[in-house]
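Going by this note's numbering, the first residue of the sequence shown is number -11, and it counts up by one from there. Cβ coordinates follow ideal geometry from the N, Cα and C atoms, glycine included. As the structure is a prediction and not an experimental result, all values here were calculated from the model.
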Amino acid sequence: MSRINSNINSLIAQRILTQNNKQLTTTLERLSTGYQINRGADDPAGLIASEKLRVDKAGIASGLNNAQRADQIVNIAEGGLQEISSLLTELQSLVGDTSNDAGLSTEEKAANQDQVDQILQTIDRIASTTSFQGTKLLNGAYDFDVTSVNAGVSDYTIKGATIDNANVKVNVIITASAQQAGLYLSTGGTLDLTASSDRVVFELAGNKGSKEFSFASGTTLADVVTSVNAFKSVTGVSAATLAATAGTGVVFKSTAFGSEQYVSLNIKDDGNLTGNVVTLSSTNENVVSTTAGNRTALTAVTAAIKDTGQDIGAIVNGVTARGTGKTLSVSNQALNLSLTLTTAAARTIGSLGGASGALTITGGGAKFNIGPTVDVGNQVRLGIGNVAARELGAATVSGAIYNLDDLGSGGLLNLVDGNLEGAQSVVSKAVDSVSSLRGSLGAFQKFTIGSTINALGVALENTSAAESAIRDTDFAQATADLTRSQILVQAASSVLSISNAQPQNVLKLL
């Protein structure tokens, strides 16, 4: 080289050394941060994808935390309900023990009543103190808010509803009426038998049990009704006279509604009485069927004649409901509730409440957002009703509705001088209510929360793996790049030194 003002070889070496130093810096940065993409210039498309995946990870992690928190809340509520269930079991035992009237002194009954009072107070205390971070769980704070309840609805339980900034109106269209099972025994009036020794003997059975009855000549229909009703708690069948056929016979009906109810009448001895066994109308259980095939003469009865009840059929908010007696229920993502109708409403085909609907849900419930995004699709609401003694065990006793609170001292169902049969019915209803609530919480915890936690856990793993593949440093490759860059920097430095020394050769020419 014979020129000294421009050292082209040195410029080339400087440029390459700069490039090698930059590559070495990038490799060192990747090794020190653990990320392959530290700025947009590293990989613009990869940066966009990884940032989106990071947002997804944050949403999934938030939903996972929310689901786990919901699981903890349900655990606390379940713990309180479990203790209430144990108390109700003890309460049922006390009612049964006290019913042994002749074997207990007044002092023993009073002692049992004192235990009942303590149990009721404890139930109220659990209902009012079971909480999560100060929020009460079992006092109705997480129950749904309901308005415009139609008079045809006697009871309702809302376990879940999707409420998206609007009220939820529950529309009910009854497609099949709820009916009791029933048979009509036509006798023409008082049992006037041919001989004084004759007897009318029949076996009456229902879903609770059976009982054989025997009546002598001259027995009035009113006496037959009284005798049958005395054992209705045993048979599940009650007796009455129909106004349309007053004075001519007795109608036997199941004490409850639904397809599980039945009335079976087996004539063991007709006592030479002229009469018939007739089924009731398929459309109106208060009317005797006029179809000839539904009428059997007493003398022709050779086997038990049986009639079954009918469950209510309905469509709720466009979904076919499941009917059990007078209670209908639906369970889907939008609505999970059960409605018990009055007898009159359960027998009436058509819309319940018309445009106003059966009831309107305005809000409430325990709301959890258990998904990666905040929207109605990822939100679930759980209804937890009030389990105080005054709210449990609503049962009809002698035509009136009583609850668990009526078992306390001074209540009409107390153990000292109250109606023990009614008390047992109320406690049984309370047990059913608490068990149903526990089952609802358990199903929510196992399937809604548990499955969501599992799914979000897998989604978080896969999203993290995808983000890692794009953004994280591959240390095996990076260490290899580091070694290469170090060698190249050293080589370029050596070459630059040689290039800078080349112009000195000109001195030999001078």
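- The continuous beta strand (DSSP E) containing L323 extends over residues 323 to 329.
- Taken atom to atom, the span from the alpha-carbon of A115 to that of V189 is near 52 Å.
- Sorting G306, A322, T175 by C-alpha distance to the C-alpha of A154 places A322 at the top.
- By the Cβ-count criterion, A149 is buried, with 16 or more other Cβ atoms from all chains shown falling within 10 Å of its own Cβ.
- In this structure, L329 keeps its C-beta atom at 8 Å or more from the C-beta atom of V134.
- Of the candidates G176, T290, I300, E248, the residue whose Cα lies closest to the Cα of G311 is I300.
- Three or more Cβ pairs drawn from the segment 441 to 453 and the segment 51 to 71 lie within less than 8 Å of each other, which places the two stretches in contact.
- By the neighbour-count criterion, in which 16 or more other beta carbons inside 10 Å mark a residue as buried, P360 falls on the buried side.
- With contact defined as three or more Cβ pairs closer than 8 Å, the segment 102 to 114 and the segment 290 to 304 are not in contact.
- With a 10 Å radius around the Cβ and a threshold of 16 neighbouring Cβ atoms, F463 comes out exposed.
- 8 Å or more divides the Cβ of V225 from the Cβ of G259.
- Measuring C-alpha to C-alpha distances from G410 to each of L395, D420, S424, S423 identifies L395 as the nearest.
- Under DSSP, I303 takes part in a beta bridge, and its partners are I161, T308.
- When only Cα atoms are considered, Q465 and D30 end up about 16 Å apart.
- Between the segment 414 to 428 and the segment 14 to 31 there are fewer than three C-beta pairs closer than 8 Å, too few to call the two in contact.
- Per DSSP, the unbroken alpha helix (DSSP H) holding I0 starts and ends at -4 to 21.
- Looking from the CA of R113, the closest CA among N320, L126, N88 belongs to L126.
- DSSP lists no beta-bridge partner residue for R113.
- Nearest in C-alpha terms to D59, of all of L392, F120, L12, is F120.
- When C-beta atoms of the segment 336 to 347 are compared with those of the segment 154 to 173, three or more pairs fall below 8 Å, so the two segments count as touching.
- Ranked by how close their Cα comes to the Cα of S(-2), the residues G353, S174, S482, V362 have S482 in first place.
- Nearest Cα to K314 within the set L327, T308, I303: L327.
- By alpha-carbon distance to K256, the top candidate from N320, R187, S386 is R187.
- With the rule of 3 Cβ pairs closer than 8 Å, the segment 87 to 98 does not count as touching the segment 436 to 443.
- Boundaries of the alpha helix (DSSP H) harbouring F463: 463 to 489, taken from the DSSP string.
- Assignment of G338 by DSSP, reduced to helix, strand and coil, places it in the strand class.
- Shortest Cα-Cα distance from A453 to any of L41, L253, G353, I(-8) involves L41.
- The Cβ atoms of L16 and L470 lie closer than 8 Å to each other.
- Judged by beta-carbon spacing, V477 lies beyond the 8 Å limit of L19, meaning their Cβ atoms are not closer than that value.
- Rounded to whole angstroms, the separation of the alpha carbons of G353 and S428 is 14 Å.
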